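Residue numbers (the numbering used here): 351 to 747.
Right, here's the structure in full:
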């Protein structure tokens, strides 16, 4: 007899056998540098809470006021039930912050990337995408009918080849899309070179700045500002779920005409409830704090520098860079097991990190990804490094 439960159980067993089963740790406290779990308090180096705003009292108070003044939810989509004024306030504020004409809110950044390509590109157009772009970009591109071209991560020679191939096929619009910061490596996209090639081939440029907005560039306005190409990037996508308070919600920012068209045709926008009012008002406050948060950005940069220095001195292999994402590498055939065992031991020592191995990252390039926050103290960082050293001694015998 057919049994879907048995088939699903077999699939889960296969995932476990491959070492790819993901477990979720239950947290009993707000997201922060220190979290409470059923197993006790942990130092948290897993969150995208770059500015430490996830438990910021001003943001929490603003969110409470949003509940009091605008209720729990909109109960429908915006074109049907109306748009609360705070949603338009937030869209205008995001656009101003990242240097674009206008912006549109989505329930998540995944939805934002899932909604734009189908609207912007037809079967006669082309999208040229970095191979390490976020899954939301990959899925969004798949939803469009555009011709697809892919280039190796940050390989500008291959990007040129793909642009030449697209033009040779006589396509109309060409859109180059890249992460601003690649989340598994902490590397920045080569935006000046990408913009040069875009201008040469009459292409548009879209950047997913989810891991950059709030922490890099002038006042945290993102990678285009960081690299001096803010006037050469056409479209930005981003999230409210990382540096900007760590809640939910995403956006596309760009020319006013594009935003107007997305409000007419982007399916994740047209068929999803608006972002909850409490999150919108909290995000308005988060943007104010982020804009004025040069001290927070300096703190997270200093924390990343200290962690890199101490870990390098202790003999750990790190991917180079300056971002708050730091990959501690465990290469080779045994790297996946080693990264997993060390991450597990770190948890026992009171430090929460996550190991990544194939197929999430390339084969032989297993790692523990560490993410620094302005909420981490120097003591926190030194304690984490000491735990890394102890875990390595305990695991590698």
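Backbone N, C-alpha and C fix where the C-beta goes; we use that ideal spot for every residue, glycine too.
Since the structure is predicted, the reported quantities are computational estimates derived from the model, not experimental observations.
If you run the structure through DSSP and keep just helix, strand and coil, what is residue 667?
Start at 1 with the first residue of the chain shown, and residue 667 comes out as number 317. Residue 667 falls in the strand class under three-state DSSP.
Three-way DSSP call (helix, strand, coil) for residue 483 in this model:
Working through the chain shown from its first residue, we reach residue 483 at position 133. Residue 483 falls in the coil class under three-state DSSP.
With DSSP run on the structure shown, which of helix, strand or coil describes residue 506?
Counted from its first residue, the chain shown places residue 506 at position 156. Residue state, collapsed to three classes: helix.
Would DSSP call residue 400 helix, strand or coil?
Here residue 400 is taken as the residue at index 50 of the chain shown, counted from 1. Note: residue 400 maps to coil in three-state DSSP.
Would you list the residues sitting across from residue 414 in a DSSP beta bridge?
Walking along the chain shown from the start, residue 414 turns up at place 64. DSSP, once it has assigned bridges, lists no residue as partnering residue 414.
Thinking C-alpha only, which one of 454, 655 and 539 is nearest residue 610?
Taking the chain shown and counting its residues from 1, one reaches residue 610 at position 260. When each option's Cα is compared against that of residue 610, the closest is 454.
Mapping DSSP to helix, strand and coil, what is residue 680?
As a first step, residue 680 must be located in the chain shown, where it is residue number 330. Three-state DSSP puts residue 680 in a strand.
Inter-residue Cα distance where the pair is residue 681 and residue 432:
By one-based count along the chain shown, residue 681 stands at place 331. By one-based count along the chain shown, residue 432 stands at place 82. Each residue's alpha carbon lies about 53 Å from the other.
Measuring CB to CB, does residue 719 end up less than 9 Å from residue 396?
Along the chain shown, read from residue 1 onward, the residue named residue 719 stands at position 369. Along the chain shown, read from residue 1 onward, the residue named residue 396 stands at position 46. Yes; because the gap between Cβ atoms is below 9 Å, this pair is in contact.
Candidates 359, 368 and 410: which alpha carbon is nearest residue 380's?
For the purposes of this step, residue 380 is identified with residue 30 of the chain shown, where counting begins at 1. Taking only the C-alpha atoms, the option nearest residue 380 is 410.
Please state if the CB of residue 562 and the CB of residue 524 are separated by a distance shorter than 9 Å.
Taking the first residue of the chain shown as position 1, residue 524 is located at position 174. Taking the first residue of the chain shown as position 1, residue 562 is located at position 212. Contact: no.
Going by the DSSP bridge assignment, what does residue 604 pair with across the sheet?
As a working mapping, residue 604 is identified with position 254 in the chain shown. Paired residue(s): 452.
Nearest-angstrom Cα distance between residue 637 and residue 448?
Here the question's residue 637 lines up with position 287 in the chain shown. Here the question's residue 448 lines up with position 98 in the chain shown. Going from the Cα of residue 637 to the Cα of residue 448 covers about 11 Å.
Have a look at 745, 584 and 725 and flag the residue whose alpha-carbon is nearest the alpha-carbon of residue 699.
Translated into positions along the chain shown, residue 699 becomes position 349. Answer by Cα proximity: 745.
What first and last residue would you give for the beta strand (DSSP E) that runs through residue 594?
Counted from its first residue, the chain shown places residue 594 at position 244. Taken as a continuous stretch (DSSP letters only), residue 594 belongs to no beta strand (DSSP E), as it is neither H nor E.
Go ahead and pull the three-state DSSP assignment for residue 406.
Counting from 1 along the chain shown, the entry for residue 406 is found at position 56. Here residue 406 sits in coil by DSSP.
Look at residue 451 and residue 506 and say whether their C-beta atoms are less than 9 Å apart.
Within the chain shown, numbered from 1, the residue matching residue 451 stands at position 101. Within the chain shown, numbered from 1, the residue matching residue 506 stands at position 156. No, the pair does not count as a contact, with Cβ atoms beyond the cut-off.
Best match in 357, 495 and 692 for proximity to residue 472 [C-alpha to C-alpha]:
What you label residue 472 is simply residue 122 of the chain shown in a count that begins at 1. Per the Cα distances, 495.
Euclidean distance between Cα positions of residue 511 and residue 502
For this step, residue 511 is matched to residue 161 along the chain shown. For this step, residue 502 is matched to residue 152 along the chain shown. Going by the C-alpha atoms only, they are around 11 Å apart.
Measuring CB to CB, does residue 643 end up less than 9 Å from residue 461?
Position 293 of the chain shown, counting from 1, holds the residue named residue 643. Position 111 of the chain shown, counting from 1, holds the residue named residue 461. No.
On the three-state DSSP scale, how would you describe residue 529?
The residue given as residue 529 occupies position 179 in the chain shown. Strand.
State the DSSP-derived secondary structure class of residue 420, mapped to helix, strand or coil.
Start at 1 with the first residue of the chain shown, and residue 420 comes out as number 70. In the structure shown, residue 420 sits in a helix (DSSP, three-state: H, G or I).
Segments assigned alpha helix (DSSP H), at least 4 residues, entirely inside the region 631-662
none
CB-CB under 8 Å to residue 735, same chain, minus the five flanking residues each way: which ones, in chain order?
Working through the chain shown from its first residue, we reach residue 735 at position 385. Cβ neighbours of residue 735 beyond the five flanking positions: 657, 660, 661 and 664.
Measuring CA to CA, which of 679, 466, 631 and 576 is closest to residue 408?
What you label residue 408 is simply residue 58 of the chain shown in a count that begins at 1. The option with the nearest alpha carbon to residue 408 is 631.
Tell me which same chain residues have a C-beta within less than 8 Å of the C-beta of residue 465, skipping the five on either side of it?
Translated into positions along the chain shown, residue 465 becomes position 115. Here the set comprises 456, 490, 602, 612, 616, 617, 618 and 619.
Counting pairs of beta carbons, one from the region 419-429 and one from the region 619-628, are three or more of them closer than 8 Å?
yes
Count the other CB atoms, across all protein chains shown, that sit within 10 Å of the CB of residue 441; report buried if there are 16 or more and exposed otherwise.
Translated into positions along the chain shown, residue 441 becomes position 91. Residue 441 should be labelled buried.
Less than 8 Å between the CB atoms is what I'm expecting for residue 474 and residue 521, so what's the real figure, rounded?
Residue mapping note: residue 474 aligns to position 124 of the chain shown, counting from 1. Residue mapping note: residue 521 aligns to position 171 of the chain shown, counting from 1. Indeed, because the Cβ distance is near 6 Å, the residues count as touching under 8 Å.
Let me know the secondary structure DSSP gives residue 565 once reduced to three states.
Here residue 565 is taken as the residue at index 215 of the chain shown, counted from 1. Three-state DSSP puts residue 565 in coil, outside helix and strand.
Residues in the same chain with beta-carbon distance under 6 Å from residue 412, minus the five sequence neighbours each way, listed in chain order, please.
Against the chain shown, residue 412 aligns to sequence position 62. Closer than 6 Å at the Cβ level, and outside the excluded window around residue 412, lie 631, 632 and 635.
What does a CB cutoff of less than 6 Å around residue 651 pick up in its chain, not counting 5 residues either side in sequence?
Position 301 of the chain shown, counting from 1, holds the residue named residue 651. If we look at residue 651 and ignore the five residues flanking it on each side, it has no Cβ neighbours.
Which word fits residue 364, buried or exposed, when buried means at least 16 other C-beta atoms lie within 10 angstroms of its C-beta?
Indexing the chain shown from 1 puts residue 364 at position 14. Flag for residue 364 reads exposed.
Local conformation of residue 394 per DSSP, three classes
For the purposes of this step, residue 394 is identified with residue 44 of the chain shown, where counting begins at 1. Residue state, collapsed to three classes: strand.
C-alpha distance - residue 653 paired with residue 689, whole-angstrom precision:
Residue numbering aside, residue 653 sits at position 303 when the chain shown is read from its first letter. Residue numbering aside, residue 689 sits at position 339 when the chain shown is read from its first letter. Taking the straight line joining both Cα atoms gives about 23 Å.
Return the residue from the list 402, 436 and 404 that minimises the CA-CA distance to residue 415.
Within the chain shown, residue 415 is the residue found at index 65, counting from 1. Minimum Cα distance to residue 415 is reached at 436.
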